[in-house]
Amino acid sequence: MAVPPIAPHGIHHLAIQCHDLVGMVRFYQRVLRLPIVKRWPSEDPNISGDRAVWLGLGQSVLVLERAADAPNPQGWQSPDPGMHLLALHIFPWNRRLWAEHLSLYEVQIVHQSQWTLYLRDPEGNRVGLSHYPEVESEVQRSQW
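Right, here's the structure in full:
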């Protein structure tokens, strides 16, 4: 039986299927500040625009792909198995700045813990901005 020599060393990419690809790219690029690294044009001559857009995410890529059906978001905590959350790493000292930035884009923080701000993207997918295991200092908290 063949055994890989080492374990995988990271996430290559995460893909999200999107009903409104343009709107989702705008959100992840402008609000969450992820740079576009590649666009994949539609291969269907009847559909203009991109079929997928890759956004840089550290050493990984967030792939947004066009989907045919409308999104069907569930409540914040879903009983169903499957992908639950895309958690992006932030620094604890930037938490307040991220909260203000989200407010400027009228993105609601739907839940928060001592480590993570939780929000929804335009199609209802759960996104976290997390600094776990580091906690925000008392000085940083008092500035809120």
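When we follow this note's numbering, the leftmost residue of the sequence shown carries the number 248, and every step to the right adds one.
By construction, the Cβ of each residue, glycine as well, lies at the ideal position given by its N, Cα and C atoms.
Sheet register partners of residue i (DSSP bridge)
| i | result |
| --- | --- |
| G257 | None; G257 has no bridge partner. |
| G303 | V308 |
| W287 | A299 |
CA-to-CA distance, residue j to residue i, given in whole angstroms
| i | j | result |
| --- | --- | --- |
| V272 | E381 | 29 Å |
| Y275 | D291 | 25 Å |
| V386 | Q359 | In this prediction, V386 has a pLDDT of 49, which is less than 50 and means its spatial position is unreliable; what the coordinates show is noted afterwards. Taking the straight line joining both Cα atoms gives about 19 Å. |
| K285 | G257 | 20 Å |
| A249 | P255 | 15 Å |
| V374 | W362 | 13 Å |
| L332 | N372 | 7 Å |
Limits of the unbroken beta strand (DSSP E) element including residue i
| i | result |
| --- | --- |
| H336 | L333 to H336 |
Nonlocal neighbours in the same chain, by C-beta distance under 6 Å from residue i, ignoring five residues either side
| i | result |
| --- | --- |
| Y352 | V278 |
| P282 | G303 |
| W301 | V284, K285, V308 and V310 |
Same chain, Cβ closer than 8 Å to residue i, neighbours up to 5 away in sequence not counted
| i | result |
| --- | --- |
| P288 | G296, D297 and R298 |
Alpha helix (DSSP H) segment containing residue i, residue limits
| i | result |
| --- | --- |
| L344 | R342 to L351 |
| V269 | L268 to R273 |
8 Å Cβ cutoff, residue i in contact with chain C
| i | result |
| --- | --- |
| H256 | Here there is only one protein chain, and chain C is not present. |
Close-in-space but distant-in-sequence residues of the same chain around residue i (CB under 7 Å, 5 per side omitted)
| i | result |
| --- | --- |
| Y379 | W362 and T363 |
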